[in-house]
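Notes for the one structure printed next.
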Ligand code: UDX
Ligand code: ADP
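Residue numbers (our numbering): 5 to 469.
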């Protein structure tokens with residue numbers, strides 16, 4: 005078995021950054037270098053002020069602070085890091101394709117392919133290449149083919165080691181994972197490579213929690229785990245609409261079913277819809293793969309999870325319009341939250357983007373407060389949809405770091421992210437400065453409805469009539 009002394013991680017994003025910081029902290033004898041093409045991002049990772057690292061995750065600054073400069077390095081020199089390392093993690097982004105075959109469905113693997121070609125070009129010694137990014141099943145085959153056909157004769161072993169961390173709790177998830185999954189070839193060389201990676205995790209993860217499988221099971225397990233989790237959210241959201249019609253209360257229903265140990269209580273929180281970089285992308289991937297094997301029933305089954313999620317976001321927006329007397333034209337709507345969940349500055353696929361888009365289509369002016377997402381990011385999220393020109397988006401979307409200013413003279417407030425700081429705002433002051441009737445649409449069932457109704461707010465919660 006190869007003892008690993010130097011690791012390189014390509015991609016200093018939400019997955020690569022936190023994962024490598026924990027590996028470095030837990031394995032002081034391994035030199036970990038995280039590389040990225042994005043110079044700005046690397047500069048931010050190297051910022052003396054740990055509050056400026058590019059990813060907001062509770063506890064991450066302290067971990068980076070402990071290891072950086074000792075055995076954790078951030079650099080743009082990709083070639084040197086590849087050359088030095090015995091093990092290379094690929095943690096680059098794999099967004100849904102926006103062009104060509106599989107547009108809107110398949111994962112775009114261009115960054116992965118570029119990494120594989122770069123590794124092949126630079127490597128002068130044998131390497132273990134670890135897929136960390138979420139990938140369609142059998143991507144390892146493509147990586148292997150590139151490495152073997154374009155390399156300089158070095159031997160490569162490919163492992164799949166999908167990341168299960170959730171944003172906002174990345175540090176805790178990495179320190180104490182439910183399991184670590186490592187897939188590899190079931191040949192003597194493959195098993196040896198698997199073992200090298202097992203030994204790294206064994207520095208802090210109990211060995212019985214480290215599962216090893218073949219490559220394809222590992223790749224497919226990641227897609228399946230995310231599809232199952234997302235499916236639970238869509239299932240409870242589908243019932244929330246029925247609750248609103250029948251007088252049942254979604255929180256009571258969720259609690260009642262969640263106490264059945266076969267169902268379990270997690271991921272039953274009804275919301276304006278799921279977001280994040282993984283759920284939608286991974287399900288679309290699953291659907292695309294199933295269709296490519298002509299498994300149409302399988303594809304349709306999983307596609308319904310996305311259809312339900314789109315419906316939930318849209319019905320939240322339409323409910324705002326309907327309640328505000330069927331017109332939001334030139335009305336001020338305050339958004340509390342833009343991130344796809346609390347405790348992260350990530351807004352990829354956030355429901356807030358789609359709700360804002362639908363309201364702006366009806367003429368609304370959106371004013372957003374989010375403690376961690378910048379106005380530039382919000383605008384870039386909206387521009388990405390290409391519904392209207394960037395200039396028009398700039399006219400319709402505003403932001404401020406003062407939540408009270410955001411709510412002043414608003415016709416309604418919509419809660420899009422469950423940031424805990426929203427619970428203890430001075431709601432009386434907010435009410436006094438809003439146009440009446442003052443509406444709150446709580447897309448996260450975060451606030452105390454009874455208390456706010458007492459102040460005078462008209463209140464809408466998801467799944468509660
Ligand atoms: C997810 C997986 O949980 C993680 O294992 C994988 O590695 C990456 O994808 P993440 O997207 O970071 O993690 O966050 P997660 O906590 O899963 O939430 C995803 C979305 O579902 C969020 O928008 C969240 O608000 C929403 N959600 C989650 C609900 O609406 N209700 C719930 O009960 C749970
Ligand atoms: P994830 O959530 O999967 O971590 P991110 O978008 O946060 O995704 O991070 C991926 C990172 O990978 C980005 O910072 C991007 O600049 C980087 N990246 C993409 N392709 C390459 C490449 N060929 N070489 C180095 N870095 C890359």
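Positions of the beta carbon are idealized from the N, C-alpha and C atoms, including for glycine. All of these numbers come straight from a predicted model, not from anything done at the bench.
Discussion item. Less than 7 angstroms separating the Cβ of residue 18 from some heavy atom of the ligand ADP?
Written reply: In this structure, the ligand ADP has a non-hydrogen atom nearer than 7 angstroms to the beta-carbon of residue 18.
Discussion item. With a threshold of 8 angstroms on Cβ separation, who are the neighbours of residue 172 within its own chain once the five nearest residues in sequence on each side are excluded?
Written reply: Counting only Cβ-Cβ distances below 8 angstroms, and skipping sequence neighbours, we find 61, 62, 345, 346, 347, 348.
Worksheet item: Between residue 427 and the rest of its own chain, which residues show a CB-CB distance below 7 angstroms, the 5 nearest in sequence each way excluded?
Response: So the list reads 450, 451, once near-sequence residues are dropped.
Discussion item. Any heavy atom of the ligand ADP inside 7 angstroms of the beta-carbon of residue 330?
Written reply: No.
Worksheet item: From residue 203 to residue 165, what distance separates their C-alpha atoms?
Response: Taken atom to atom, the span from the alpha-carbon of residue 203 to that of residue 165 is near 13 angstroms.
Discussion item. Does the distance between the C-beta of residue 280 and the nearest non-hydrogen atom of the ligand UDX fall short of 7 angstroms?
Written reply: Indeed, a heavy atom of the ligand UDX lies less than 7 angstroms from the Cβ.
Worksheet item: So what's residue 69 in DSSP terms, helix, strand or just coil?
Response: Here residue 69 sits in helix by DSSP.
Worksheet item: When every heavy atom of the ligand UDX is checked, does at least one fall within less than 7 angstroms of the C-beta of residue 164?
Response: Using a cutoff of 7 angstroms, the CB of residue 164 does not count as near the ligand UDX, since none of the ligand's heavy atoms is closer than that.
Worksheet item: Going by other Cβ atoms of all chains shown within 10 Å of its Cβ, with 16 needed for buried, is residue 191 buried or exposed?
Response: With fewer than 16 Cβ atoms within 10 Å of its Cβ, residue 191 is classed as exposed.
Discussion item. Measuring only from the beta carbon, is residue 237 closer than 7 angstroms to any heavy atom that is part of the ligand UDX?
Written reply: Proximity of the beta carbon of residue 237 to the ligand UDX is indicated: a heavy atom of the ligand is located closer than 7 angstroms.
Item to complete: Flag this pair as yes or no: are the beta carbons of residue 281 and residue 240 separated by less than 8 angstroms?
Response: The answer is no: Cβ separation not under 8 angstroms.
Worksheet item: Near residue 461, what residues of its chain come up, given a Cβ to Cβ distance below 8 angstroms and the 5 sequence neighbours on each side ignored?
Response: Excluding residues within five positions, the ones whose Cβ falls inside 8 angstroms are 431, 435, 442, 443, 444.
Worksheet item: Do you know how far the Cα of residue 220 is from the Cα of residue 200?
Response: As the crow flies, the alpha-carbon of residue 200 is around 19 angstroms from that of residue 220.
Item to complete: Rounded to whole angstroms, what's the CA-CA distance from residue 466 to residue 453? Just pull it up for me.
Response: For residue 466 and residue 453, the gap between their C-alpha atoms comes out near 12 angstroms.
Fill in: residue 478: first and last residue of the uninterrupted alpha helix (DSSP H) it sits in
Within the shown structure, residues of the chain are numbered from 5 to 469, placing residue 478 beyond reach of any answer.
Worksheet entry | Cut-off 8 angstroms between Cβ atoms - residues of its own chain near residue 437, not counting five sequence neighbours on either side | Within the same chain, residue 437 has close Cβ partners 408, 411, 412, 413.
Discussion item. To the nearest angstrom, how far is the alpha carbon of residue 421 from that of residue 214?
Written reply: Their backbone Cα atoms lie some 34 angstroms apart in a straight line.
Worksheet item: Near residue 374, which residues of its chain fall below 7 angstroms by C-beta distance, leaving aside the five closest residues on each side in sequence?
Response: Around residue 374: 341, 342, 343, 421.
Worksheet entry | residue 158 (DSSP reduced to helix, strand or coil) | DSSP places residue 158 outside both helix and strand once states are collapsed to three, so it counts as coil.
Item to complete: Return yes when at least one heavy atom of the ligand UDX lies under 7 angstroms from the C-beta of residue 283, else no.
Response: It does: the Cβ of residue 283 is within 7 angstroms (strictly closer) of some heavy atom of the ligand UDX.
Worksheet entry | Ranges of the alpha helix (DSSP H) found wholly within the region 15-95, counting only runs of at least 4 | Those alpha helix (DSSP H) runs which fall completely within the region 15-95 and span 4+ residues are 20-30, 43-49, 64-71, 82-88.
Worksheet item: Do the CB positions of residue 65 and residue 79 come within less than 8 angstroms of each other?
Response: With contacts defined by Cβ atoms closer than 8 angstroms, residue 65 and residue 79 do not form a contacting pair.
Worksheet item: In three-state DSSP terms, what is residue 182?
Response: Secondary structure at residue 182: coil, using DSSP grouped into helix, strand and coil.
Practice prompt. Can you give me the Cβ contacts of residue 32 inside the same chain, cut-off strictly under 7 angstroms, excluding the 5 residues immediately before and after it?
Written response: Taking C-beta separations shorter than 7 angstroms and ignoring five residues to either side along the sequence, the partners of residue 32 in its chain run 75, following chain order.
Worksheet item: According to DSSP, what are the bridge partners of residue 239?
Response: Answer is none; residue 239 lacks a bridge partner.
Fill in: beta-carbon residue 170 near the ligand UDX non-hydrogen atom, thresh 7 angstroms
Yes; taking the cut-off as 7 angstroms, the Cβ of residue 170 has a heavy atom of the ligand UDX nearer than that.
Practice prompt. Kindly indicate which three-state DSSP category residue 283 falls into: helix, strand or coil?
Written response: Residue 283: helix per DSSP, three-state reduction.
Item to complete: Could you tell me which residues DSSP pairs with residue 464 in its beta bridges?
Response: Beta-bridge annotation (DSSP): residue 464 is paired with 445.
Worksheet entry | DSSP beta-bridge partners of residue 336 | Residue 336 is bridged to 369.
Worksheet item: Are three or more beta carbon pairs between the region 247-259 and the region 170-188 nearer than 8 angstroms?
Response: Output reads no: the region 170-188 does not touch the region 247-259.
Discussion item. Can you tell me which residues form a DSSP beta bridge with residue 164?
Written reply: Within the DSSP secondary-structure output, residue 164 pairs in a beta bridge with 135, 187.
Worksheet entry | Helix, strand or coil at residue 348 according to DSSP, with G and I counted as helix | Reduced to three states, the DSSP call for residue 348 is coil.
Discussion item. Measuring alpha carbon to alpha carbon, tell me which residue in 126, 197, 67 is nearest residue 91.
Written reply: The candidate whose alpha carbon is nearest that of residue 91 is 197.
Practice prompt. Measure the C-alpha to C-alpha separation of residue 194 and residue 88 and round it to an integer number of angstroms.
Written response: Their Cα atoms are separated by approximately 21 angstroms.
Discussion item. For a quick check, are the C-beta atoms of residue 82 and residue 14 less than 8 angstroms apart?
Written reply: Taking 8 angstroms as the Cβ cut-off, residue 82 and residue 14 qualify as a contacting pair.
Discussion item. I'd like to know if residue 112 contacts chain C, where contact means its C-beta is closer than 8 angstroms to some C-beta of that chain.
Written reply: This model lacks chain C altogether, as it is built from one protein chain only.
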